[in-house]
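**Student:** Attaching a single structure in structure tokens format; questions to follow.
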Amino acid sequence: MNSIILFMLDFIKKLLNKINRLDNFINLYKENAGEVSMPSYAYMNWGIKLLDTGDEKKALEFLEKSVEMPYANSDSYVNLAIVLAKENKYELALNYLKKATKLDNENAKAYQILGSVYSEMEDFEEAKKAFSISIKINPRNSQTYINRAIFYAKTGKIKEAHLDFKTACHINPGNTQGWFLWGVLCSQCKDYVNAVERLKKAVSLDPFHSDAYYHLASISFLTGQFQDSVKYAKKSIAINPKRIECYIALAESWLHLKNEKECLATYPNALKECEANSQFYYSWGVSFQFFKKWDESFEKLKKAIELDSNNHLAYYGLSISYFKTDNEDEAAKMLEKTIEIKPDHLIALYNLGQYYLRKNDYENAVKYYKKAVSSNINAGYIYLNIASCYELMNKKEEALEYWKKAVEYNPKNTDAKISLANAYLKAGDIQNAIRKIRSAYKENKKDLKILLMYGILLLNNNECFEAIEKLDEALKINPDYEIAKFAKIECLVKMGKIEEAESILTPFEEKENSNEDGDILYLRALINEYKITKSNNLELIDETINICDKIISLHKEPDTDSKVLTIKNNLIKIKEN
């Protein structure tokens, strides 16, 4: 019995010693901490829970206390760094992550977050190293592969990004984020089939994934599947009615389905749930524009600019509404504002060129056309416009240069080849003109414009027999092709086949108002001139001179019609002699 009592007394004595040591430790801990506090990990866990509830400010406060306390662990620094990174405080986050890795160089998560922070700071070499270390420590962490995939996508290494997303989804097939982000990447690469497959996988794992439904709506819209776009946009809105982009996607899908009622009703419905932005009002304005409600279109587009004075799309939208309501000068001002904000806006530059072309201001038209071409390597079709302007300015060499560029840009453009051949003709280089049109003819022997131009060029080169062959080919395709018949008449006159030429011309002369048609009058003057010079039929001289005067009166710039003046001057000389 005594031995039991002694044992109990000894046990109590030892227990009291332990309690005293614990009290001493707590007092020392309080002294060092400066306040009564929980251990570091408790603050850390509390901070993480606050972070999960969305209270980042309070979470930051607890996580900061966590790392300030004695014996703070590596994870405390990592979690604090995560919050700081979310607030774009990357330098501070980097500092804590380095401390985390110093405390525990086997902390895979620390290196994972470090890689993401370096990526945001655009220190891509260090980011790559950090991700590699994290994966080496823990090759089975799907989140690390996801973060590195985001890094690869950001740096343009798309193949590597796809591989990391694939690995992440293989390691953890239930990771919704992995499937979702992989789907987004596929969408950005315009691989819509795989994008849809991966986004559908994401919503199968999380039926309330609003963002996934939104991206499915966007892809359906881009691929012209507007009914599907409506379906997915509605699902996204049902889950998260506060996302304005979903309403825009829904409204514009209704627009493409030409459902005016549903389209225009979507916008006011959105305002019941969301705060509208400039892009929202731009979309609303364009929808009113589509349904030809011009006043409402102006109102919404101007509201878009009021909310964001740098919204170049809204200025461009206004230019379209002004053009459609016949206010070209205001439209031009809006186009100028568009390119002030976005200097490489191809369509705005092109439309400004068109505006100045209609104003006969060819210098300014060329200026904006050239800017349009320089803004986009795929805008070579505008070379045609530049060449045409130079022709209208009578700058033959510049016109020829740009016709050549037009053909080089698109060797299959028939109009460009014909115009280039015509430019060579005007420059007096008939052989190059024929060479170019012959090349076009070899590629397309059934094109009426090519056959006509080929015939005219051969006529100008006095190859009348060959010219008639080509013109007959055109007339075989279209027997009523008047201009080909007129060119054939010229050939026949040159060949001295006057009766045949007159047999073709007479039906045209018998038509009403034929005496007001410069082409018919010219051909009559040409035939008469032949009769006068070859058959000494002098009584036709005065009649033919009067025909030439009639032709000249029909032209605004008679000096340009050298053929008619040549006939008239030739007949005056014969009459004087």
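If you read the sequence shown in this note's numbering, its first letter stands for residue 402, the second for the next number, and so on. From the three backbone atoms N, C-alpha and C, an ideal C-beta is built for every residue, glycine too. What you are looking at is a predicted structure, and each value in this text was computed from that prediction instead of being measured.
Using only the alpha-carbon positions, how far apart do Arg925 and Leu853 sit?
**Tutor:** Distance between the alpha carbons of Arg925 and Leu853: 21 Å.
**Student:** Going by DSSP in three states, Pro812 sits in which element: helix, strand or coil?
**Tutor:** Coil at Pro812, not helix or strand.
**Student:** Are Gly718 and Gly754 close, meaning C-beta to C-beta below 9 Å?
**Tutor:** For Gly718 and Gly754, no; Cβs fall outside 9 Å.
**Student:** May I have the straight-line CA-CA distance separating Ser710 from Thr739, to the nearest angstrom?
**Tutor:** Between Ser710 and Thr739, the C-alpha separation is close to 11 Å.
**Student:** Going residue by residue through the region 664-748, where are the continuous alpha helix (DSSP H) segments of at least 4 residues, counting only ones entirely within it?
**Tutor:** Complete alpha helix (DSSP H) runs here, min 4: 679-691, 695-708, 713-725, 729-742.
**Student:** In this structure, does DSSP put Lys837 in helix, strand or coil?
**Tutor:** If DSSP states are grouped into helix, strand and coil, Lys837 belongs with the helices.
**Student:** Consult DSSP for Pro908 and reduce its assignment to one of helix, strand or coil.
**Tutor:** DSSP places Pro908 in helix when its eight states are reduced to three.
**Student:** How is Tyr842 classed by DSSP in three states: helix, strand or coil?
**Tutor:** Helix.
**Student:** Sort Tyr633, Thr815, Leu849 by Cα distance to Lys837 and report the nearest one.
**Tutor:** Nearest option by C-alpha distance: Thr815.
**Student:** Run through DSSP, which three-state label would Leu410 get?
**Tutor:** No answer about Leu410 holds up, because its pLDDT of 48 lies below 50 and its placement is not dependable.
**Student:** So, with DSSP's three-state summary, where would you put Cys590?
**Tutor:** Reduced to three states, the DSSP call for Cys590 is coil.
**Student:** Three-state secondary structure (DSSP) at Asp524?
**Tutor:** If DSSP states are grouped into helix, strand and coil, Asp524 belongs with coil.
**Student:** For the region 510-518 against the region 491-499, do three or more pairs of beta-carbon atoms, one drawn from each stretch, fall closer than 8 Å, so that the two count as touching?
**Tutor:** Touching, yes.
**Student:** Could you check how far apart the C-beta atoms of Ile538 and Glu507 are, in whole angstroms? I think they sit under 8 Å.
**Tutor:** Confirmed, Cβ separation roughly 6 Å.
**Student:** Using the C-alpha atoms, what's the distance from Asp476 back to Ala434?
**Tutor:** Reliability of the predicted coordinates at Ala434 is poor, the pLDDT of 39 falling under 50, and the value obtained from them is presented with this limitation in mind. If you take the alpha carbons of Ala434 and Asp476, they lie about 19 Å apart.
**Student:** With Ala817 and Ala834 assumed to form a contact (beta carbons below 8 Å), what rounded beta-carbon distance in angstroms separates them?
**Tutor:** Wrong, their Cβ atoms sit about 14 Å apart, outside the cutoff.
**Student:** If you draw a straight line from the alpha carbon of Phe622 to that of Ile645, how long is it in whole angstroms?
**Tutor:** Taking the straight line from one Cα to the other gives about 16 Å.
**Student:** Please return the same chain residues whose Cβ sits closer than 8 Å to the Cβ of Val479, not counting the five positions on each side in sequence.
**Tutor:** So the qualifying residues of the chain are Tyr497, Leu498, Ala501, Asn508, Lys510, Ala511, Ile514.
**Student:** Using the beta-carbon count (16 or more within 10 Å), is Glu874 buried or exposed?
**Tutor:** Per the 10 Å Cβ criterion, buried.
**Student:** How would you label Glu891, buried or exposed, when you count the other beta carbons within 10 angstroms and need 16 or more for buried?
**Tutor:** With 16 or more Cβ atoms within 10 Å of its Cβ, Glu891 is classed as buried.
**Student:** Label Val604 either buried or exposed according to how many other C-beta atoms from any shown protein chain fall within 10 Å of its C-beta, with 16 as the threshold for buried.
**Tutor:** When all chains shown are included, Val604 counts as buried.
**Student:** Which runs of the beta strand (DSSP E) fall wholly inside the region 754-778 and span at least 3 residues, in chain order?
**Tutor:** Complete beta strand (DSSP E) runs here, min 3: none at all.
**Student:** Checking 9 Å against the spacing of the C-beta atoms, do Ala766 and Asn786 come in under that value?
**Tutor:** Yes; because the gap between Cβ atoms is below 9 Å, this pair is in contact.
**Student:** Our contact map puts Tyr682 next to Lys694 with C-beta atoms below 8 Å; I'd like the distance itself, whole angstroms only.
**Tutor:** That belief does not hold up - the Cβ atoms of Tyr682 and Lys694 are roughly 14 Å apart, past 8 Å.
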